[in-house]
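Note sheet for the following structure.
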Amino acid sequence: MELNPSEAARENLHKAEVVLLWLLRDGKIFMKQKTGIKCLKEGNSNKKLFHTSLLEKQAWLTIQRIKGSDGTWLQTEVDIQAGGITFFQQLLQADDISQPAME
């Protein structure tokens, strides 16, 4: 900006500042939703409570195991991924996909 004080440069700087403010606001909203903390105040995003809540919620939402098509439990990350891929491949390749009647 200091090297090129033209009107176009000022306009570009203003647009960049607006984008930055939107991203910061969206980041704060995202972190509020991510942790479920309703009383998150400015500057609290680096507090122990915030990070503990984030880790607890992340652990709670993590898929620990799923039941495979043969009825066995898949518990490792690789097995869960493979089981999910297999399930959806079979679902999408099925010839007789039925849809419920819309009334």
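The opening residue of the sequence shown carries number 1 in my numbering; numbering runs sequentially from there. Glycine included, every Cβ here is placed at the ideal spot set by N, Cα and C.
To which residues does DSSP link residue i through a beta bridge?
i	result
Leu74	Ile66
In this structure, how does DSSP classify residue i when only helix, strand and coil are distinguished?
i	result
Ala94	coil
Ser53	helix
Lys15	helix
Lys48	helix
Ile85	helix
Gln58	helix
Inspect the beta-carbon positions of residue i and residue j and report whether they are closer than 9 Å.
i	j	result
Gln90	Ser69	yes
Lys67	Leu74	yes
Arg65	Ile85	no
Closest to residue i by CA distance: which of the options is it?
i	options	result
Gly71	Gly83, Val19 and Ile63	Gly83
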